[in-house]
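What follows is a short report on a single structure.
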Ligand SMILES: NC(=O)c1ccc[n+]([C@@H]2O[C@H](COP(=O)([O-])OP(=O)(O)OC[C@H]3O[C@@H](n4cnc5c(N)ncnc54)[C@H](OP(=O)(O)O)[C@@H]3O)[C@@H](O)[C@H]2O)c1
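Chains as they are written, first to last, in this note's numbering: chain E, 155 to 486; chain H, 1309 to 1475.
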């Protein structure tokens, strides 16, 4: 049995989802020869830690009841630096301007020789090259499947399952909120504003939806895909971005009459990175509705491969984090 | 029927007139003329490409009249539109003279607006249009899209292109 001591830094929707999945999959992980021992959990107010393992079920209850998991006034960053462990699960908020605390956490993890599994797009969008270098220099593993498309497997699919294939291009729907809004506008023949309001009510769009509807979130994910699968060192500024705020119900209807749906498509190829509303033939594999994400990878040998799945949600995203964890420790 | 025709003119004044006269006599409608002033054939003539609309039964007569005027007809072919694209435009499409744009594309000779749907929900509201363009080849299609792109940028229209078409 191999013991993996891990911290969960960031205990919001995703961090808690990870805790639940680890509890749920404890026996399964054992059957793979893996004992995942969470030695620290941190949120913005502090942390709890125990070198012999914290009680995850109690952490979840405490977070729900008191609003914080903290028992000590210690930050996640300090714990990464000071506490002996193998893996940092980094699930703090995405910040694409500075990289936020996530960037500091990842740097500290690599400086102290730890592996990182994350769902946080900010550091990956801003400092991909630097972080990869740091991981390499430390001999650390660095995985971020959950940062793009939630449960939809794309990075590991291309890097592992399709290994050996040169990737010629990737295009897809990488933001569930935009997909939901466009799908509903067509169904209801309703304006962008009305459906945006509905999405906020349902909790599908955030109170400040600009990050999603202006195409910024899609652009960040595109940058991560370009870097991870194309071997680029692109940043957000390399993407030409147009969002969905100008789309009208009339345009959606006209498109439909001519055999198309309108989707916010992120596309990366040798010619560059672009996010824009596009016409997608109704029967095309990319024409998925609701909040689904989808990506189509054009590969040298295998041709076009399309994957679709839930792009968000705590358990769905935690599933991608779990698969990263397993693939790191099962293989070595 | 749309015809593309390669002809050769001698390098003396008045040749173009001799070439155009038979067209009107045979009721052919000239769509474009591409004149290669710099180019010369080995016969020291000037190559010119015409695209015209004519009835099939008038074509032989047209060729004969051109030859009679001393114009060499090198190649005649039916112009086929092999490529087609639908584009959605959103914004103040109407006020921007959509007809101008269509005319510009049609005048290229190698591309044509074959369909246009418009929706104008209200004066202050953005309208939407779906335009279908046919072109003789991929390159020509891109050139037609370039015209549309130029207009969209100038008039602040959102242009929604199909996937697979280079934006
Ligand atoms: N939600 C999704 O479906 C989804 C899908 C894919 C990727 N992601 C990404 O996953 C990450 C987490 O998302 P989420 O939905 O879980 O966000 P969230 O609910 O806002 O959770 C963020 C957590 O980070 C904590 N935090 C903030 N500053 C911190 C600090 N300095 N040190 C330690 N912890 C700190 C917060 O603490 P408090 O609890 O005290 O506020 C909170 O627990 C984000 O980067 C997001 O973009 C999310």
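Positions of the beta carbon are idealized from the N, C-alpha and C atoms, including for glycine.
Quick caveat: nothing in here was measured; it's all calculated off a predicted structure.
Worksheet item: Under 7 Å from any heavy atom of ligand 1, does the C-beta of residue 247 of chain E make it?
Response: In the first chain, counting from the first residue as 1, residue 247 of chain E sits at position 93. Yes, the beta carbon of residue 247 of chain E sits closer than 7 Å to at least one heavy atom of ligand 1.
Discussion item. Using the three-state DSSP reduction, which class does residue 437 of chain E fall into: helix, strand or coil?
Written reply: Taking the first residue of the first chain as 1, we reach residue 437 of chain E at position 283. Here residue 437 of chain E carries a coil assignment [DSSP, helix/strand/coil].
Worksheet item: Does residue 433 of chain E have its Cβ less than 8 Å from a Cβ in chain H?
Response: Here the question's residue 433 of chain E lines up with position 279 in the first chain. So yes, residue 433 of chain E belongs to the interface.
Item to complete: Look up residue 428 of chain E in the DSSP assignment and give the residues it is bridged to.
Response: The count along the first chain starts at 1 and reaches residue 428 of chain E at position 274. DSSP output for residue 428 of chain E lists E:394 and E:421 as bridge partner(s).
Worksheet entry | Beta carbon proximity, residue 414 of chain E to chain H, threshold 8 Å | Residue numbering aside, residue 414 of chain E sits at position 260 when the first chain is read from its first letter. For residue 414 of chain E, a Cβ of chain H is located within less than 8 Å of the residue's own Cβ.
Discussion item. Is any non-hydrogen atom of ligand 1 found closer than 7 Å to the C-beta of residue 168 of chain E, if you look at the structure I gave you?
Written reply: Numbered from 1 along the first chain, position 14 holds the residue referred to as residue 168 of chain E. Residue 168 of chain E has its CB nearer than 7 Å to a heavy atom of ligand 1.
Worksheet item: Going by other Cβ atoms of all chains shown within 10 Å of its Cβ, with 16 needed for buried, is residue 329 of chain E buried or exposed?
Response: On the first chain, position 175 is the one that residue 329 of chain E refers to. That one is buried.
Worksheet item: Which parts of the stretch 155-223 of chain E are runs of the alpha helix (DSSP H), unbroken and 4 residues or longer, counting only runs that do not cross its ends?
Response: The stretch 155-223 of chain E contains these whole alpha helix (DSSP H) runs: 167-178, 180-185 and 210-220.
Worksheet item: Residue range of the alpha helix (DSSP H) that residue 1321 of chain H falls in?
Response: Position 13 of the second chain, counted from the first residue, corresponds to residue 1321 of chain H. Looking at the DSSP string, residue 1321 of chain H is not in any alpha helix (DSSP H), and its letter there is neither H nor E.
Fill in: Whole beta strand (DSSP E) elements within the stretch 1348-1378 of chain H, 3-residue minimum
Fully enclosed beta strand (DSSP E) runs of 3 or longer: 1354-1361.
Worksheet item: Taking residue 208 of chain E as the reference, which of E:477, E:322, E:223 and E:290 has the closest Cα?
Response: Counting from one through the first chain, the residue named residue 208 of chain E turns up at place 54. Measuring C-alpha to C-alpha distances from residue 208 of chain E to each of E:477, E:322, E:223 and E:290 identifies E:223 as the nearest.
Worksheet item: Span of the beta strand (DSSP E) holding residue 1337 of chain H?
Response: The residue labelled residue 1337 of chain H in the question sits at position 29 within the second chain. Element bounds for residue 1337 of chain H: 1337-1343.
Discussion item. Check this for me: beta carbons of residue 389 of chain E and residue 368 of chain E, under 8 Å apart or not?
Written reply: Position 235 of the first chain holds residue 389 of chain E. Position 214 of the first chain holds residue 368 of chain E. Their beta carbons are not under 8 Å apart, which means residue 389 of chain E does not touch residue 368 of chain E by this criterion.
Worksheet item: Below 8 Å, can you find three or more Cβ-Cβ pairs linking the stretch 227-244 of chain E to the stretch 159-169 of chain E?
Response: A contact exists between the stretch 227-244 of chain E and the stretch 159-169 of chain E.
Discussion item. Can you check whether the C-beta of residue 146 of chain E is within less than 8 Å of a C-beta belonging to chain H?
Written reply: It is not possible to answer for residue 146 of chain E, since the shown part of chain E is limited to 155 through 486.
Practice prompt. List the residues that DSSP assigns as beta-bridge partners of residue 1312 of chain H.
Written response: In the second chain, counting from the first residue as 1, residue 1312 of chain H sits at position 4. According to the DSSP secondary-structure assignment, residue 1312 of chain H is paired through a beta bridge with H:1359 and H:1385.
Discussion item. List, in chain order, every chain H residue whose beta-carbon is nearer than 8 Å to that of residue 285 of chain E.
Written reply: For the purposes of this step, residue 285 of chain E is identified with residue 131 of the first chain, where counting begins at 1. The contacting residues do not exist; residue 285 of chain E stays about 30 Å from chain H at best.
Fill in: Cross-chain neighbours of residue 1436 of chain H in chain E, by beta carbon under 8 Å
Against the second chain, residue 1436 of chain H aligns to sequence position 128. Going along chain E in sequence order, the residues near residue 1436 of chain H (Cβ under 8 Å) are 402, 404, 405 and 408.
Worksheet item: Hey, out of H:1393, H:1327, H:1421 and H:1330, whose CA is closest to residue 1468 of chain H's CA?
Response: Your numbering for residue 1468 of chain H matches position 160 in the second chain. Of the candidates H:1393, H:1327, H:1421 and H:1330, the one whose C-alpha sits nearest the C-alpha of residue 1468 of chain H is H:1393.
Discussion item. With a threshold of 8 Å between beta-carbons, can residue 1469 of chain H be considered close to chain E, or not?
Written reply: Looking up residue 1469 of chain H in the second chain gives position 161. For residue 1469 of chain H, the answer is yes, since a Cβ of chain E falls inside 8 Å of its Cβ.
Worksheet item: Thinking just about the alpha-carbon of each residue, which of E:273, E:246, E:308 and E:285 is nearest to the one in residue 265 of chain E?
Response: Taking the first residue of the first chain as position 1, residue 265 of chain E is located at position 111. The residue from E:273, E:246, E:308 and E:285 with its alpha-carbon nearest to that of residue 265 of chain E is E:285.
Worksheet entry | Reduced DSSP category for residue 457 of chain E - H, G, I as helix; E, B as strand; rest coil | Within the first chain, residue 457 of chain E is the residue found at index 303, counting from 1. Of the three classes helix, strand and coil, the one that applies to residue 457 of chain E here is strand, per DSSP.
Worksheet item: Would a check of beta-carbon distances place residue 178 of chain E closer than 8 Å to chain H?
Response: To locate residue 178 of chain E, count along the first chain from 1; it is residue 24. At a cut-off of 8 Å between beta carbons, residue 178 of chain E makes no contact with chain H.
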